[in-house]
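Numbering (our numbering), first residue to last: -12 to 340. For each residue, glycine too, the CB sits at the ideal point set by N, CA and C. A quick note: this is a predicted structure, and the numbers were derived from the prediction, not measured.
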Amino acid sequence: MYTKKVYRALSMARWTRFETLFIFLYITIIVSIYYFSEIYWFKIPWTPISLIGTAVAFVVGFQNNSAYGRMWEARKIWGGIVNTSRTFGMFIQDMVTNEHTIDKVAEEELQKSMKILTYRHIAWMTALRHAMRAHKPWETAMEEKSNKEWGKHVSPPEWHSTLENDLKPYLSDDDLKYTLSKNNKQTALLYLQSHHLRRLKEEGKIWAFSFLELENVLKELFTLQGKSERIKNFPYPRHFASLNYYFVRLFIFVLPLAIVPQFVEIGNDISKTLPTIGNLFIWLSIPFYAIIAWIFHTIERIGRTGENPFEGTANDVPISTIARGIEIDLRQNLGESQEKIPEQFPAVHDFQM
């Protein structure tokens, strides 16, 4: 446990190392100017700095709460997809029967219909997760240098495969062609599911009441899909995001003009009894400023990174892992051998995608 905490702390330090280096370089230059030029009169009173810092803290806190709310809602949506998918798999196995058919059909034919419906549902999840991983203009977290480096080690599987290749194992040629011809692939797949269920009802393989229950499950899947698409397609308001970014940097920029003169005054008091320590006391403002600036910057960056929970960063909702877990459950319940069922996507550095 202790080792993991140290590893995570080091990961956070590495994640922000470029900004931390800039912060140390900036404050060192400011302190050097004050120390060698002795322009101690050039300072800003603490009152406006405190007001700016308080305002920035409120705005950044609002951003982080909103970003966490978006991420938590996304996790609840995909938790709903897990539960609804299991319900769908159970209904398919128990509701596709010979009970209401006029001419009984072979059990193998019923199993084939169950498999087609189950595989098409897996294809729906595959199409949905690919849609959630598609890049949007406002998703800029992965453009930052440290995130690009991290992305070389931890990245979603959708970035390394095409939707067509991922859909092929689950769909017939006709279904695949139909799906790829539509703009919204996941919606097209649910339409195919509904059409297939209607045909099974007309053939008597599904009782009318069971058909309504299954249609309600598809309705719930549409609802969950729409909620997931809403988070993906509607960004955190950009004016809030942009103002947060500039407010934090303004605060970091002007803070030395208050904190460095304060250390100079303290150093002057110390110089009355300890001249050497008092003369050098100004340099202690470097670590204190760096800690404050790093905290404000990191909190703002965490909120900015969490705004888009499907973008593909290491801390996003692990929709690929969730979808593969559902697939494994459904295919095991179909009775398939373990050799035919794909393995779960591996966690890299304790992160799931």
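For residue j and residue i, believed in contact at Cβ under 8 Å, the rounded distance
i, j, result
"A110", "L177", "Wrong, their Cβ atoms sit about 10 Å apart, outside the cutoff."
"V304", "M101", "Contact flag wrong, Cβ pair sits at about 30 Å."
"G265", "W146", "The pair is not a contact, with the Cβ atoms about 57 Å apart (cut-off 8 Å)."
"I269", "Y13", "The pair is not a contact, with the Cβ atoms about 15 Å apart (cut-off 8 Å)."
"R73", "D316", "6 Å"
"P329", "I218", "So it is not a contact: roughly 27 Å between Cβ atoms."
"A245", "I36", "4 Å"
"T71", "E202", "The Cβ separation is near 13 Å, so there is no contact."
"V46", "L230", "7 Å"
"H117", "L150", "5 Å"
Spatial neighbours of residue i in its chain, beta-carbon cut-off 6 Å, leaving aside the 5 residues before and after
i, result
"P222", "W125"
"N51", "G290"
"K169", "A175"
"Q331", "R311"
"E314", "I109"
"E95", "none"
"S215", "I64"
"R54", "For the record, residue 54 in the displayed sequence is Ala; it is not Arg. Result list for A54: G290, G293, E294, in chain order."
"T260", "none"
"F23", "none"
Simplified DSSP state of residue i, which is helix, strand or coil
i, result
"V92", "coil"
"V304", "coil"
"V335", "strand"
"T127", "coil"
"I103", "helix"
"P329", "coil"
"I122", "The amino acid occupying residue 122 in the given sequence is His; Ile does not appear at that position. Here H122 sits in coil by DSSP."
"P296", "coil"
"P143", "coil"
"H117", "helix"
"H87", "coil"
"W28", "coil"
"K135", "helix"
"M(-1)", "helix"
"M340", "coil"
N- and C-terminal bounds of the alpha helix (DSSP H) containing residue i
i, result
"Y232", "225 to 241"
"K214", "195 to 220"
"I39", "33 to 82"
"Y276", "272 to 292"
"T263", "262 to 267"
"L321", "Element bounds for L321: n/a, residue is neither H nor E."
"Y22", "4 to 24"
Same chain, Cβ closer than 8 Å to residue i, five either side skipped, listed in chain order
i, result
"T341", "With the chain represented from -12 up to 340, any question about residue 341 goes unanswered, as that position is not in the structure."
"T3", "S133, W281, H284, T285, R288"
"K192", "V83, T84, N85, H87, T88, V92, L97, S100"
"P243", "Y13, I14, I17, V18, S272, Y276"
"L342", "The chain is shown only over -12 to 340; residue 342 falls outside these bounds and no answer can be derived."
"F11", "I273, A277"
"D90", "none"
"T127", "none"
"I257", "I264, G265, F268"
"T7", "A0, A277, W281"
Contacting residues, own chain, Cβ-Cβ under 7 Å from residue i (five flanking each side not counted)
i, result
"K30", "L244, A245, P248"
"T308", "Q331, F332, Q339, M340"
"S197", "M82"
"G40", "F238"
"M129", "K135, G138, E298, G299, T300"
"G254", "G265, N266, F268, I269"
"P144", "S307, F332, M340"
"G67", "L211"
"L187", "V83, S100, I193"
"I279", "L242"
Could you tell me which uninterrupted alpha helix (DSSP H) segments, each at least 4 residues in length, are contained entirely in the stretch 149 to 191, listed from first to last along the chain? DSSP runs (the alpha helix (DSSP H)) wholly in the stretch 149 to 191: 150 to 154, 160 to 167, 172 to 189.
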